[in-house]
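See below for the structure under consideration.
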Amino acid sequence: MCTEEQARSISEETTSLGKANGSVRQNVPDGFVSKLSGDLVWEGSSYATSEKYVRVLSAVEIEEVELAAKHFKRRGFSVVRGLNSPKYTIEDNIIIYMGILSHITPVFGADPDKMALGHIRDATKDAIIPGDDRKLAVSKYPNFLNFHTDVGLGDILSLYTYQMPSSGGSQRLASFWRIYNELVEHKPDVLATLCHGWPIEGKDPETLLPKDLDRPLVFCEKEKIIIQLSRQVLLGTTNLPRSAGLPPLNASQIEALAALDELCNKYSFVVEQKQGDILCVNNFGILHARDAWTDTPDHKRHILRILSKDPRHAWDKPALVADEWEKNLSYDPATLYIPLADFDPRGKTACAASDAHG
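In the UniProt record's numbering, the protein residues as written are 1 to 358.
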């Protein structure tokens, strides 16, 4: 049984991920630390086998999970294994999933429509209502997604593997804290670029027209290094291009993204994934990517996604974005929507539009 004390300990381990070396050298921007240390600084080669990050639940613990119990680990990510998702209805799966998370990260985030749970699946073959010209978000395509975070939606990203695809769909994780140290040592110019303003596409809160947010991708807040990267709002996609009139990325920014990709691939690993797994990830310190996948009538990938935080151990957020990010975590729980089905993949259940990819 996972006691309240155990759950609190696990949550603390997951969010208290290490300390930064306070000495500052010339290779880092003003206010940033020279080197990061702790459990969040890891390389994919350290997790060649799954025993180090998979927590297999016993029969007794599974019974407790069905009443809502749970557990998290260190290193900024953890997999909880043992749930038999086909055994339950979709409603029961969601109740169990959210019950588990509520013991670790009791505050659930939501998008502006107050949708707290997202359905990550291939919606490209869904019937389209005549005259509906809304575009699908990237979370609804079975395509490869490069390394990213789910920007501003929550501290902890959790993905519940409700159904597995016929093939593909693997998740990869990369520690940005490890990458940060490499940038400090070998590519300080790239780090400087990441820490300055980027032409991120947003919306003017009053006019709702497209707006250049001019924000960094990397922040340093009380010696915690935070990365928030959504490629769609920087580059657009074939299906959802950037709005006209926004400035393009400059040469230094394009080079910085390429360098980041190279290091993510260098230090990442593929997470072992089984049906019923719950993958929990620090959304501020770890980037995740997804392989393309193929569905068949009997094997259709379906991931349930929630972003959340534990106020007891949450990282401080940068002043520039704190109010905006906290707004997504401040809705009255009684007003949140928990959709049992992906009933409107082009709108209300689009998984927070561009910034949630899964």
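The beta carbon of each residue, even a glycine, is placed where N, CA and C say it ideally should be.
Nonlocal neighbours in the same chain, by C-beta distance under 8 Å from residue i, ignoring five residues either side
i: GLY347; result: ARG134
i: HIS119; result: HIS302, ILE303, LEU304, ARG305, PRO339, ALA341, ASP342, PRO345, THR349, CYS351
i: LYS203; result: LEU209, PRO210, LYS211
Opening and closing residue of the beta strand (DSSP E) in which residue i lies
i: GLY197; result: Here GLY197 belongs to no beta strand (DSSP E), and DSSP marks it neither H nor E.
i: ILE227; result: 224-227
i: LEU304; result: 302-309
i: LYS211; result: 210-212
i: VAL54; result: 54-56
Residues bridged to residue i [DSSP beta-bridge criterion]
i: HIS288; result: HIS148, LEU173
i: GLU221; result: LYS224
i: ILE160; result: Per the sequence presented here, residue 160 reads as Tyr, with Ile not at that position. In DSSP, TYR160 forms a bridge with ILE278, LEU304.
i: PHE77; result: VAL281
i: TRP42; result: For TRP42, which the question treats as bridged, DSSP gives no partner whatsoever.
i: THR294; result: SER167
i: TYR337; result: MET115
i: GLY202; result: LYS211
i: PHE343; result: DSSP, once it has assigned bridges, lists no residue as partnering PHE343.
i: LYS317; result: According to DSSP, which records beta bridges pairwise, LYS317 is partnered with nothing at all.
i: VAL270; result: ARG172
i: HIS186; result: DSSP, once it has assigned bridges, lists no residue as partnering HIS186.
Test item: CB-CB of residue i and residue j under 8 Å
i: TRP42; j: SER158; result: no
i: THR349; j: GLN275; result: no
i: GLY38; j: PHE269; result: no
i: LEU173; j: ILE286; result: yes
i: LEU307; j: ASP150; result: yes
i: ARG55; j: VAL79; result: yes
i: residue 370; j: LYS35; result: The structure shown does not extend to residue 370, since the chain is modelled only from 1 to 358, so the question has no answer here.
i: ASP310; j: THR49; result: no
i: ASN27; j: LEU136; result: no
i: PHE77; j: LEU336; result: no
i: HIS122; j: ASP295; result: The displayed chain sequence assigns Asp, not His, to residue 122. Taking 8 Å as the Cβ cut-off, ASP122 and ASP295 qualify as a contacting pair.
i: LEU117; j: ILE94; result: yes
i: LEU320; j: ARG215; result: yes
i: ASN146; j: ALA289; result: yes
i: LEU40; j: ARG75; result: yes
i: LYS114; j: TYR331; result: yes
i: GLN163; j: LYS327; result: no
Cβ neighbours of residue i in the same chain (closer than 6 Å, five flanking residues each side left out)
i: PHE219; result: ILE226, PRO318
i: ASP256; result: Looking at the sequence itself, residue 256 is Ala, so the reference to Asp does not match. Around ALA256: VAL190, THR193, LEU194.
i: GLN228; result: THR149, VAL151
i: ARG81; result: VAL54, VAL56, ASP277
i: LYS224; result: TRP315
i: residue 359; result: The displayed coordinates of the chain run from 1 to 358. Any statement about residue 359 would go beyond what the structure contains.
i: ASP323; result: none
Through-space distance from residue j to residue i, alpha-carbon basis
i: LYS187; j: TYR88; result: 50 Å
i: LEU340; j: ASP316; result: 33 Å
i: SER243; j: THR237; result: 11 Å
i: LEU279; j: HIS148; result: 16 Å
i: LEU67; j: PRO210; result: The predicted position of LEU67 is uncertain, since its pLDDT is 45 and thus under 50; no value can be drawn from it.
i: GLN253; j: LEU213; result: 15 Å
i: ASN143; j: PRO165; result: 13 Å
i: LYS125; j: VAL138; result: 14 Å
i: PRO297; j: SER85; result: 18 Å
i: GLY99; j: TRP198; result: 38 Å
i: LEU246; j: VAL184; result: 30 Å
i: ARG231; j: VAL60; result: 43 Å
i: MET1; j: HIS103; result: Only weak support is given to the placement of MET1: the predicted model assigns it a pLDDT of 42, under 50, and the value that follows is read from those uncertain coordinates. Rounded to whole angstroms, MET1 to HIS103 spans 12 Å at the Cα level.
i: GLU46; j: GLU272; result: Residue identity differs from the one stated: residue 46 is Ser in this sequence, not Glu. Roughly 14 Å separates the two Cα atoms.
i: VAL281; j: THR207; result: 34 Å
i: PHE72; j: PRO248; result: Reliability of the predicted coordinates at PHE72 is poor, the pLDDT of 44 falling under 50, and no value is obtained from them.
Continuous alpha helix (DSSP H) stretch holding residue i: start and end
i: LEU279; result: It is not in any alpha helix (DSSP H) - LEU279 instead sits in the beta strand (DSSP E) that spans 278-282.
i: GLY118; result: Counting along the chain, GLY118 falls outside any alpha helix (DSSP H), though it belongs to the beta strand (DSSP E) covering 118-121.
i: VAL28; result: Run containing VAL28: none; DSSP gives neither H nor E here.
i: ALA233; result: Rather than Ala, the amino acid found at residue 233 in this sequence is Val. Counting along the chain, the alpha helix (DSSP H) containing VAL233 begins and ends at 232-235.
i: GLN253; result: 251-267
i: ASP323; result: 322-327
i: ILE104; result: Run containing ILE104: none; DSSP gives neither H nor E here.
Cut-off 7 Å between Cβ atoms - residues of its own chain near residue i, not counting five sequence neighbours on either side
i: TRP325; result: GLY152, LYS317
i: TYR267; result: GLU43, GLY44, ALA174, SER175, ARG178, ILE179
i: ASP291; result: PHE144, GLY168, GLY169, SER170
Proximity test, residue i beta-carbon vs the ligand ADP heavy atom, cut-off 7 Å
i: LEU260; result: Among the components of this structure there are no ligands whatsoever, and the ligand ADP is therefore not found.
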